[in-house]
């Protein structure tokens, strides 16, 4: 009986407090797709006027200045060879991926390197 009570209490605990532990779920800020990967920074992939843009901010939503950050974007498609481009600063917290034209279901992987040498990676499927 004690074991059953302990199991029920544990399940209820997870149901009530599970969202607190779901640390990596971030809402898109710019209407794009938020990638999965390192939780220290949030990377959002957004298609704007025919250009794939990558927005970068910390886990609390504070934009990260792209002037001291470098990065690459790799596009993997089942229909064509993988394409990798260097990300180009296009605004205070925004990179552009020139020449990248993703199709529905393509896998996008952004690799970001901060001025401190820390590297982060985020992956998402293109849906829009």
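Numbering (the numbering used here), first residue to last: 15 to 142. Here a beta-carbon is modelled for each residue, glycine too, at the ideal position from N, C-alpha and C. Computed from a predicted model, the values in this text were never measured in an experiment.
| query | result |
| --- | --- |
| Whether residue 144 touches residue 122 by CB criterion (9 Å) | Because the chain is modelled from 15 through 142, residue 144 falls outside the range shown and cannot be assessed. |
| Near the ligand GDP: residue 66 beta-carbon under 8 Å from a heavy atom | The model on display carries no ligand, and the ligand GDP is accordingly not part of it. |
| For residue 81, the three-state DSSP class (helix, strand or coil) | helix |
| The beta strand (DSSP E) enclosing residue 140, as first and last residue numbers | Careful: residue 140 lies outside any beta strand (DSSP E) and carries neither H nor E. |
| CB of residue 117 within 9 Å of CB of residue 140, strictly | yes |
| Meets three-Cβ-pair contact criterion under 8 Å: the stretch 105-113 and the stretch 65-74 | yes |
| Sequence-distant residues of its chain with Cβ nearer than 8 Å to residue 86 (five each side left out) | 98, 99, 100, 101, 124 and 125 |
| Residue range of the beta strand (DSSP E) that includes residue 97 | 97-100 |
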